[in-house]
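J.: Input: one structure, supplied below.
Protein chains: 6
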Amino acid sequence: MENKKTMELEGKKVSESKTIMTEMIMPNDTNPLGNLMGGNLLRWMDIVGGICAGKHCEAHVVTASVDHVSFQKPIKLGDVITIEARATRAFTTSVEIYVEVFAADVKGKNNRMCNHAYFTFVGLNDDTLKPKAIPSLVPLTRDEQSLYDSALRRRELRLVLSGRMKPEQASGIKALFAEAPAKT
Amino acid sequence: MENKKTMELEGKKVSESKTIMTEMIMPNDTNPLGNLMGGNLLRWMDIVGGICAGKHCEAHVVTASVDHVSFQKPIKLGDVITIEARATRAFTTSVEIYVEVFAADVKGKNNRMCNHAYFTFVGLNDDTLKPKAIPSLVPLTRDEQSLYDSALRRRELRLVLSGRMKPEQASGIKALFAEAPAKT
Amino acid sequence: MENKKTMELEGKKVSESKTIMTEMIMPNDTNPLGNLMGGNLLRWMDIVGGICAGKHCEAHVVTASVDHVSFQKPIKLGDVITIEARATRAFTTSVEIYVEVFAADVKGKNNRMCNHAYFTFVGLNDDTLKPKAIPSLVPLTRDEQSLYDSALRRRELRLVLSGRMKPEQASGIKALFAEAPAKT
Amino acid sequence: MENKKTMELEGKKVSESKTIMTEMIMPNDTNPLGNLMGGNLLRWMDIVGGICAGKHCEAHVVTASVDHVSFQKPIKLGDVITIEARATRAFTTSVEIYVEVFAADVKGKNNRMCNHAYFTFVGLNDDTLKPKAIPSLVPLTRDEQSLYDSALRRRELRLVLSGRMKPEQASGIKALFAEAPAKT
Amino acid sequence: MENKKTMELEGKKVSESKTIMTEMIMPNDTNPLGNLMGGNLLRWMDIVGGICAGKHCEAHVVTASVDHVSFQKPIKLGDVITIEARATRAFTTSVEIYVEVFAADVKGKNNRMCNHAYFTFVGLNDDTLKPKAIPSLVPLTRDEQSLYDSALRRRELRLVLSGRMKPEQASGIKALFAEAPAKT
Amino acid sequence: MENKKTMELEGKKVSESKTIMTEMIMPNDTNPLGNLMGGNLLRWMDIVGGICAGKHCEAHVVTASVDHVSFQKPIKLGDVITIEARATRAFTTSVEIYVEVFAADVKGKNNRMCNHAYFTFVGLNDDTLKPKAIPSLVPLTRDEQSLYDSALRRRELRLVLSGRMKPEQASGIKALFAEAPAKT
Chain A
652 MENKKTMELE GKKVSESKTI MTEMIMPNDT NPLGNLMGGN LLRWMDIVGG ICAGKHCEAH
712 VVTASVDHVS FQKPIKLGDV ITIEARATRA FTTSVEIYVE VFAADVKGKN NRMCNHAYFT
772 FVGLNDDTLK PKAIPSLVPL TRDEQSLYDS ALRRRELRLV LSGRMKPEQA SGIKALFAEA
832 PAKT
Chain B
652 MENKKTMELE GKKVSESKTI MTEMIMPNDT NPLGNLMGGN LLRWMDIVGG ICAGKHCEAH
712 VVTASVDHVS FQKPIKLGDV ITIEARATRA FTTSVEIYVE VFAADVKGKN NRMCNHAYFT
772 FVGLNDDTLK PKAIPSLVPL TRDEQSLYDS ALRRRELRLV LSGRMKPEQA SGIKALFAEA
832 PAKT
Chain C
652 MENKKTMELE GKKVSESKTI MTEMIMPNDT NPLGNLMGGN LLRWMDIVGG ICAGKHCEAH
712 VVTASVDHVS FQKPIKLGDV ITIEARATRA FTTSVEIYVE VFAADVKGKN NRMCNHAYFT
772 FVGLNDDTLK PKAIPSLVPL TRDEQSLYDS ALRRRELRLV LSGRMKPEQA SGIKALFAEA
832 PAKT
Chain D
652 MENKKTMELE GKKVSESKTI MTEMIMPNDT NPLGNLMGGN LLRWMDIVGG ICAGKHCEAH
712 VVTASVDHVS FQKPIKLGDV ITIEARATRA FTTSVEIYVE VFAADVKGKN NRMCNHAYFT
772 FVGLNDDTLK PKAIPSLVPL TRDEQSLYDS ALRRRELRLV LSGRMKPEQA SGIKALFAEA
832 PAKT
Chain E
652 MENKKTMELE GKKVSESKTI MTEMIMPNDT NPLGNLMGGN LLRWMDIVGG ICAGKHCEAH
712 VVTASVDHVS FQKPIKLGDV ITIEARATRA FTTSVEIYVE VFAADVKGKN NRMCNHAYFT
772 FVGLNDDTLK PKAIPSLVPL TRDEQSLYDS ALRRRELRLV LSGRMKPEQA SGIKALFAEA
832 PAKT
Chain F
652 MENKKTMELE GKKVSESKTI MTEMIMPNDT NPLGNLMGGN LLRWMDIVGG ICAGKHCEAH
712 VVTASVDHVS FQKPIKLGDV ITIEARATRA FTTSVEIYVE VFAADVKGKN NRMCNHAYFT
772 FVGLNDDTLK PKAIPSLVPL TRDEQSLYDS ALRRRELRLV LSGRMKPEQA SGIKALFAEA
832 PAKT
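Protein chains in written order, with the numbering used here: chain A, 652 to 835; chain B, 652 to 835; chain C, 652 to 835; chain D, 652 to 835; chain E, 652 to 835; chain F, 652 to 835.
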């Protein structure tokens, strides 16, 4: 059997699984107004998030959930988007991935942060296809630590929203609603 | 100028924009384990949600946000999925769409509800491409009324999560955390 | 061995396999004039027809034939099409599916019936991949009965056109050419 | 105004528009049984037929109809198909195209004729997008003459099936049902 | 074991594997300027080259290399391209394929040769997936002989460019740089 | 008019346009043996190279040429590839881009360099769509300098192979064939 204690000692760094995807917006990615359709962006975010999670988990992974996503700035036909995915925290069998989307025009101008989201992936055992224990994540920088810390609160919210935790038990979210979050 | 009062009197029914999409899972929709990738499902949900919103708004629409989505039951290559989208409540320029995903095998057996999500779309003026006033929604059945009522609470949570409302102002969510939700 | 007599007693209703597909016309679906290409529409009609046939046959199915299809009204980029498929009559190992195509613009306006076609699918045994006996179809409404009745005549024409029946033996088609068909 | 008489004198040969397409069957072209889906084949047949018609008409074309199509021999993943399209006869504004499909395995073995169909395309005026007069077709070989002759009968059947000719007026089809066709 | 001597006696003709592909440029094949992207053309050239090589080798093949390719004349959305592939010379386990690209507009006008390239494919044994001996090629026409002869020089350059031959050993290329090539 | 002298003073660094693309190999990207098809890889290399060139040129670009590409190690279905593109040297209106391909399995294991190629892109003026003067490139590291120096030799070979320079004039290539290249 896998020894979870040992695995935690072998925790992995964020940089070991960080993944960058660059795509050019092609005609079929856009709606009749010439803007990238939200669903296509979500699809790419899921792919790059899954690649990042696969590297951290050293396993095939499946998407367990995606948190609230907002779309603010339109992305146009011919624009170039860069999607960056990095692990924020690993739980027993799942890992949370922070995915950021940046866009620029084809000339590399008009750079802008477009949106971001937190995806959760579950690592699977190759033979049983059941969830398996995965390496822990070791935050090193201040930023990594901040994402690591707030991951617990997001996990609680996720459990409440999917009906697997009663709202009144979500002690961490009470903290969320008692103070304004720096970054969520 | 558009008269919002009049438009509310001309509120539309849920049935006027309800939209059903059926798709068969093709090889390229799956991951190496042969399951539908989460991102592909999100893409289809966004398309059918957008078609539904376009009918309600009688306008081109853009995706503004998608709430938390969980993926529980795997969908296999060759399975047939049915995605149903219906409006739950219209706000000044945006409409919330409830999207449900059902799957079955190619023989029509093993029917199951796979997941659901709330998408928000904004109606755009054809010329200015700015948000425009949209028709209100008139709930008729008990189910429609329930989704209509809970839409306010989800909207509050959305505003908090996207940083446009301070958590302490979200009075409706306090209700969410004071009692277990019947259906969210 | 399967008991055909029993299966006929267990005939299935049209509503049990009716299937609806909704698609938005994307740039790559169109020709240089900005209209949906006929072949792309045929491809979708075949998919939704095959899903409908799979449900009725409770089996994997393959397309055996598609009858004459006319294209009258152009469908534009950004239009939304709804394709409805329902079984009209089951023969020993094959089922005829009636497929109708409706289009509207993205605002739900300019609704129109665009075209229709009859597809025939054969149900296959999972192991041998040979044709297998399928459930009969029980027409209930006046419309369903009308499509059920005229299916024999269409089948005769199909056999003649594919060279499997001599024209002079096609007694039903003589009826077709002796009187104007109500709906074919 | 275009002088139809002159254009007929300038009739074009079949060889001037003959078009060949070769495709390898990729995973996404197949159904869960690993066979090419009928609808995908129809889509390719429509594209190559349209290219052939565009060359003959020297115009943008749209698909007007496709006649009865049978699918007999399965085409497998990895097989190579060759689709040949050639004009059979030109009418005032439309041209009938005969499309044949051949398949072989990746090694060039197991060559077989898979199916064929007649498509009709209409040539469009660039500015008005209305049907325009097109060049006539001059059959040269015995085969070309045979397809040219039988085109009238197929056209009659097409008009009957689309409800634009009364069955009792279709004198040519009576011939069809009085004698077995050599090739239809 | 395969008898290479015998196989050479059974050398195949160029015409036995010549392959023609026709494609219409669809919106998603183009860049924001409306021109076919170079990479998409390379992809089609590789597919048609591979089909041609599979026929000559009577085997599954993999792309080993593609020589220098220049893109001179832009190909526009809606244009029709014809790609012709034919074997030039077979070596022990690999075959060189000459691929030419022609374009015309949708009306069959403005015909032009767009570019060409030499691809090399390796034939694989079905079981071991290792390279296998392939039939030799027998040039018949003057053109075929010319391509056959110059193939040795191109092979030398390929070996030098991929680091598998020292430049000073490439005796054939010295010929290349001593005289201007008629066609390379 | 653009002042070329000034632009050279404003030469750009390699890091300003370096671009990374990550892709997971999906079923439709593979041949019947389950390996990534060479042409699909070339297509991605062209896209990421074009994005990199667009950033350096601050312009729309078109592919002018791709040099010799070898494919050595197979890439399997489900593998993750990382494609890195960086400018090596800018000429008057064109820039050479060095594209490297790395692959790993879905677990981040079995990392390997798969292949590389040099693409050349031309920057276009937005209005005239004619080639325009582009910024020069300033190599900073030893590696960048080495690629910068060898770019002249590759350019000569390109001109010879596309028939725009006589072989006997290619003085740089004589150097290539007099000494073994460190990296080409």
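Note that CB positions come from ideal geometry on N, CA and C, so glycine has one too.
Got a sec: is the Cβ-Cβ distance from Pro683(B) to anything in chain F below 8 angstroms?
T.: yes
J.: Would you identify the three-state DSSP class for Met816(F), choosing helix, strand or coil?
T.: coil
J.: From the DSSP secondary-structure annotation, give me the bridge partner or partners of Lys727(D).
T.: Asn686(D)
J.: Taking C-beta pairs closer than 8 angstroms, name the residues in chain C that Pro678(E) reaches, listed in chain order.
T.: Pro678, Asn679, Thr681
J.: So which residues on chain A does Asp718(B) lean against when the C-beta distance must stay under 7 angstroms?
T.: His719
J.: If you draw a straight line from the C-alpha of Lys663(F) to the C-alpha of Thr714(F), how long is it?
T.: 20 angstroms
J.: Excluding the 5 residues flanking Lys834(E) on each side, which residues of the same chain have their C-beta closer than 6 angstroms to its C-beta?
T.: Low confidence applies here, because Lys834(E) scores a pLDDT of 45, under 50, leaving its location unreliable and the question unanswered by this model.
J.: Using a Cβ-Cβ cut-off of 6 angstroms (strictly less than) and excluding sequence neighbours within five positions of Ala802(E), which residues of its own chain qualify?
T.: Thr739, Arg740, Glu747
J.: Hey, is Glu751(A)'s beta-carbon within less than 8 angstroms of any beta-carbon in chain F?
T.: Chain F contact via Cβ: absent.
J.: How big is the Cα-Cα spacing for Ser668(B) and Met688(C)?
T.: 26 angstroms
J.: Tell me, please, which residues DSSP counts as bridged to His767(E).
T.: Glu751(E)
J.: Spatial neighbours of Leu660(B) within its chain, please: CB distance less than 8 angstroms, with the 5 preceding and 5 following residues excluded, ordered by chain position.
T.: Unreliable positioning characterises Leu660(B) in this predicted model, as indicated by a pLDDT of 45, which lies under 50. The coordinate reading is nonetheless provided below. If you ignore the 5 residues before and after Leu660(B), its C-beta comes within less than 8 angstroms of no other C-beta in its own chain.
J.: Chain D partners of Thr673(E), CB-CB under 7 angstroms?
T.: Thr670, Ile671, Met672, Val699, Ile702
J.: Give the DSSP-derived three-state secondary structure of Leu791(C) in the structure shown.
T.: Coil at Leu791(C), not helix or strand.
J.: If you drop the 5 nearest sequence neighbours on each side, which residues of the same chain put their C-beta closer than 7 angstroms to that of Arg793(F)?
T.: none
J.: Out of Thr779(C), Ile726(C), Arg763(C), Gly705(C), which has the shortest C-alpha to C-alpha gap to Asp680(C)?
T.: Ile726(C)
J.: Report back the beta-carbon spacing between Tyr769(A) and Asp718(A) to the nearest angstrom; my notes put them in contact at under 8 angstroms.
T.: The Cβ separation is near 4 angstroms, so the contact holds.
J.: Round the Cβ separation of Ile785(A) and Ala710(A) to the nearest angstrom and send it over; I've been treating them as touching at under 8 angstroms.
T.: The pair is a contact, with the Cβ atoms about 7 angstroms apart (cut-off 8 angstroms).
J.: Please report the straight-line C-alpha distance between Ile676(F) and Lys817(F), rounded to a whole angstrom.
T.: 42 angstroms
J.: Can the beta-carbon of Thr670(E) be found closer than 8 angstroms to that of Cys703(E)?
T.: Cβ distance < 8 angstroms, so Thr670(E) and Cys703(E) count as in contact.
J.: Beta-carbon within less than 6 angstroms of Val720(A)'s beta-carbon, same chain only, minus the 5 sequence neighbours each way: which residues are those?
T.: Excluding sequence positions up to five before and after Val720(A), its CB lies within less than 6 angstroms of the CB of Ala768, all in the same chain and listed in chain order.
J.: Quick check on Lys655(D): does DSSP put it in helix, strand or coil?
T.: With a pLDDT of 48 at Lys655(D), under the threshold of 50, the modelled position of that residue is not reliable, and no figure is offered here.
J.: In the DSSP output, what is Met672(E) paired with across the bridge?
T.: Ile734(E)
J.: Look up His707(C) in the DSSP assignment and say whether it is helix, strand or coil.
T.: helix
J.: Applying a beta-carbon distance threshold of less than 7 angstroms, which residues of chain C neighbour Tyr729(E)?
T.: The question names Tyr, but residue 729(E) in the sequence shown is Gly. Under the 7 angstroms cutoff, chain C gives Pro683.
J.: Using a Cβ-Cβ cutoff of less than 7 angstroms, which residues in the same chain neighbour Gly701(E) once the five nearest sequence positions on both sides are dropped?
T.: Val712, Thr714, Phe772
J.: Show which residues of chain B have a CB atom less than 7 angstroms away from the CB atom of Val757(F).
T.: Pro683
J.: Straight-line CA distance for Gly690(F) to Pro678(E)?
T.: 19 angstroms
J.: Kindly list the residues whose CB is nearer than 8 angstroms to the CB of Val757(E), restricted to its own chain and excluding five residues on each side of it in sequence; keep chain order.
T.: Met675, Gly729, Asp730, Val731
J.: Name, in chain order, the residues that DSSP records as bridge partners for Thr681(B).
T.: Leu687(B), per the DSSP bridge assignment.
J.: Between Lys724(D), Ser822(D), Gln796(D), which has its C-alpha nearest Leu808(D)'s C-alpha?
T.: Check the Cα spacing between Leu808(D) and each of Lys724(D), Ser822(D), Gln796(D): the tightest is with Ser822(D).
J.: Alpha carbon to alpha carbon, how far is Lys724(A) from Gln796(A)? Give it in angstroms, no decimals.
T.: If you take the alpha carbons of Gln796(A) and Lys724(A), they lie about 28 angstroms apart.
J.: So with CB distances below 8 angstroms, who are the chain F contacts of Met696(E)?
T.: Gly690
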